[in-house]
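Right, one structure below, let's go through it.
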Amino acid sequence: MPGAQIFFHGISVSPGKPTIYAQGCGKPILGLPGYPVSALVIFDLFAVPLLRRLR
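Reminder that position 27 of the sequence shown reads as 139 in the working numbering, one-by-one numbering, no gaps.
Given below as structure tokens:
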């Protein structure tokens with residue numbers, strides 16, 4: 113997304129290293145890895161807490 117501010121790209125979690133978090137237009141953007149197990153791990157670690165906080 114043009115103009116998005118990237119906070120991190122690539123983390124020390126295995127599986128799940130190719131994860132990205134950014135903000136664009138005041139909205140959070142979480143990019144999950146492509147491997148299904150990695151995506152599930154990152155979803156549980158990052159997306160669930162983020163969604164709970166946004167409620």
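Glycine included, C-beta positions come from ideal geometry on N, C-alpha and C.
(request) Decide if isoleucine 118 is buried, meaning its Cβ has at least 16 other Cβ atoms within 10 Å, or exposed. (result) To locate residue 118, count along the sequence shown from 1; it is residue 6. Per the 10 Å Cβ criterion, exposed.
(request) Measure the alpha-carbon distance for arginine 165 versus leucine 142 and round it to whole angstroms. (result) As a position in the sequence shown, residue 165 is number 53, starting the count at 1. As a position in the sequence shown, residue 142 is number 30, starting the count at 1. Each residue's CA atom was taken as its position, placing arginine 165 and leucine 142 some 14 Å apart.
(request) Kindly list the residues whose CB is nearer than 7 Å to the CB of histidine 121, restricted to its own chain and excluding five residues on each side of it in sequence; keep chain order. (result) Walking along the sequence shown from the start, residue 121 turns up at place 9. Counting only residues of its own chain and dropping the five nearest sequence neighbours on each side, histidine 121 has a CB closer than 7 Å to the CB of Ile132.
(message) Checking 9 Å against the spacing of the C-beta atoms, do proline 145 and lysine 129 come in under that value?
(response) The sequence position of residue 145 within the sequence shown is 33, counting from 1. The sequence position of residue 129 within the sequence shown is 17, counting from 1. Yes, these two residues count as a Cβ contact at 9 Å.
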